[in-house]
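If you're matching them up, the sequences are chains A and B in order.
The first sequence lines up with residues 1 to 146 when you count with the working numbering.
The second sequence lines up with residues 147 to 292 when you count with the working numbering.
2 protein chains.
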Amino acid sequence: MKIQNDGNIDFALILAKKGVSKTKFRIHLLELFYNKRSLSVKEVMNKSSNLINKVTIYRALECFEEKGLIHKVPSINNIIRYSLCNSDECIGSLHKHNHGHFICNNCNQTFCLENYKSPDIKDIEGFYINSLNLILEGYCKDCHLN
Amino acid sequence: MKIQNDGNIDFALILAKKGVSKTKFRIHLLELFYNKRSLSVKEVMNKSSNLINKVTIYRALECFEEKGLIHKVPSINNIIRYSLCNSDECIGSLHKHNHGHFICNNCNQTFCLENYKSPDIKDIEGFYINSLNLILEGYCKDCHLN
DNA sequence: AAAATAACGCAATTTTGTTGCGTTTATTTC
DNA sequence: GAAATAAACGCAACAAAATTGCGTTATTTT
């Protein structure tokens, strides 16, 4: 994925293309994901104004997921976590995101590992696969040092 | 993994070898995992006597994980889920479980996919990997039909 | 068997996520 | 561009999931 995060991205336009209402918060939310790629609900809360209600955050994330902007990343911390979709992989609510994700067990940040792909599993007898995730956990550079 | 689930497994002995106290409930819990391989907290509750307190369940699962008997399986439903460790893969709290897991989005059952392995990722610059999980989600045979 | 240690149960609390409904904001239609 | 429609928002209340402290009971060690 090539993200040109040079401050010239028209987030409102991206929302419009995906059929998402262009409210102040949702533009802000999309910007957050373009900056950090992967966020938990808590991180979104911390990075949003205190004036934004948590219900609004949950509903916006749900909407973004349905419209193909972000996808859930599995985790063992029983925390909902989302990552920005690759526009060439995800269309609408059909999410195909075969790159790995690394989750730091200390700071809880999630990192997209573009170079590490999930194996290409097509069909397994008796299982109807909707999503496939390669999840790595441990400590990121910063947390390993401390 | 070869599990000889023929009713002749000495669960108490396994607990003793791992340094886990041999209480009635913990013997029962280990048996559950040998029977089903993968369980959420809720499933453990349902399969245990109503007399067992949920706190006991949480603490026993935590203990089993620390002693290398079971490991957490990531999921997008933010539900804590555990799988039996392969004795040849996991030693103590060092969990290496490179087989995939399939989680049914309807019945929430988890299935170990012994034949589907995670790619063998050793080191990634800046990341210190503790565990690696290959997570598949969708519908199992039973839930797909309904 | 007694002492030490670990597990257990209970109650209370915290954290996380959800639902309903009236109000505000954005989008569509004219 | 204003009115009508639809969607998003905030609030309060609720529900579910997980955690903590502490006194009691069971297990392990000596």
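Virtual Cβ for every residue (Gly too), placed ideally from N, Cα, C.
query                                                                                                                 : result
Closest by C-alpha distance to Cys286(B), when choosing among Leu278(B), Asn251(B), Pro220(B) and Ile203(B)           : Asn251(B)
Within-8 Å CB hit, Ile222(B) to chain A                                                                               : yes
Endpoints, the alpha helix (DSSP H) within which Leu159(B) is located                                                 : Phe157 to Lys164
Boundaries of the alpha helix (DSSP H) in which Thr256(B) is found, first to last residue                             : It is not in any alpha helix (DSSP H) - Thr256(B) instead sits in the beta strand (DSSP E) that spans Thr256 to Lys263.
Residue-chain proximity (Cys140(A), chain B), Cβ-Cβ < 8 Å                                                             : yes
Check whether Lys200(B) and Glu211(B) have beta carbons under 8 Å apart                                               : no
With 16 other Cβ atoms within 10 Å as the buried cut-off, status of Tyr100(A)                                         : First, the residue type needs correcting, since residue 100(A) is Gly and not Tyr in the sequence shown. Buried, since its Cβ has 16 or more Cβ neighbours within 10 Å.
At least three beta-carbon pairs within less than 8 Å, the region 274-281 of chain B to the region 129-144 of chain A : yes
Buried/exposed call for Arg172(B), threshold 16 Cβ in 10 Å                                                            : buried
Alpha carbon of Ile14(A) to alpha carbon of Ile57(A), nearest angstrom                                                : 19 Å
Buried versus exposed, by CB contacts within 10 Å (16 or more), Gly19(A)                                              : exposed
Other residues of its chain near Ser38(A): CB distance less than 8 Å, five sequence neighbours each side excluded     : Val73, Arg81, Tyr82, Ser83, Leu84, His101, Gln109, Thr110, Phe111 and Cys112
Sheet register partners of Asn147(A) (DSSP bridge)                                                                    : No information on residue 147(A) is available, as it lies outside the stretch 1 to 146 that chain A covers here.
CB contact check: Ser131(A) to chain B, cutoff 8 Å                                                                    : yes
Below-8 Å beta-carbon distance, Glu114(A) vs any chain B residue                                                      : no
Inter-residue Cα distance where the pair is Cys107(A) and Glu31(A)                                                    : 21 Å
7 Å CB neighbourhood of Lys47(A) in its chain, flanking five on each side removed                                     : Leu32
Integer Cβ distance of Ser118(A) from Asn86(A), believed to fall under 8 Å                                            : Contact flag wrong, Cβ pair sits at about 13 Å.
Unbroken stretches of the alpha helix (DSSP H), 4 residues or longer, contained in the region 21-71 of chain A        : 24-36, 41-46 and 54-66
Environment of Leu175(B) [buried if 16+ CB atoms lie within 10 Å]                                                     : buried
Terminal residues of the beta strand (DSSP E) in which Cys231(B) lies                                                 : Note, Cys231(B): premise wrong, no beta strand (DSSP E); not H, not E.
Among Ser186(B), Ala206(B) and Arg205(B), the one whose alpha carbon lies nearest that of Asn224(B)                   : Ser186(B)
DSSP beta-bridge partners of Gly246(B)                                                                                : Leu259(B)
CA-to-CA distance, Ser221(B) to Ile149(B), given in whole angstroms                                                   : Confidence in Ile149(B) is poor, its pLDDT being 44 and thus under 50, which makes the residue's placement too unreliable to answer from.
Proximity to Ile155(B) [Cα-Cα], best of Gly272(B), Asn181(B), Asp266(B) and Ile216(B)                                 : Asn181(B)
Length of the line joining the Cα atoms of Ala206(B) and Thr169(B)                                                    : 10 Å
Contacts of Asn95(B) in chain A (Cβ-Cβ under 8 Å)                                                                     : Because chain B here runs from 147 to 292, residue 95(B) falls outside it and cannot be looked at.
Residue-chain proximity (Phe102(A), chain B), Cβ-Cβ < 8 Å                                                             : yes
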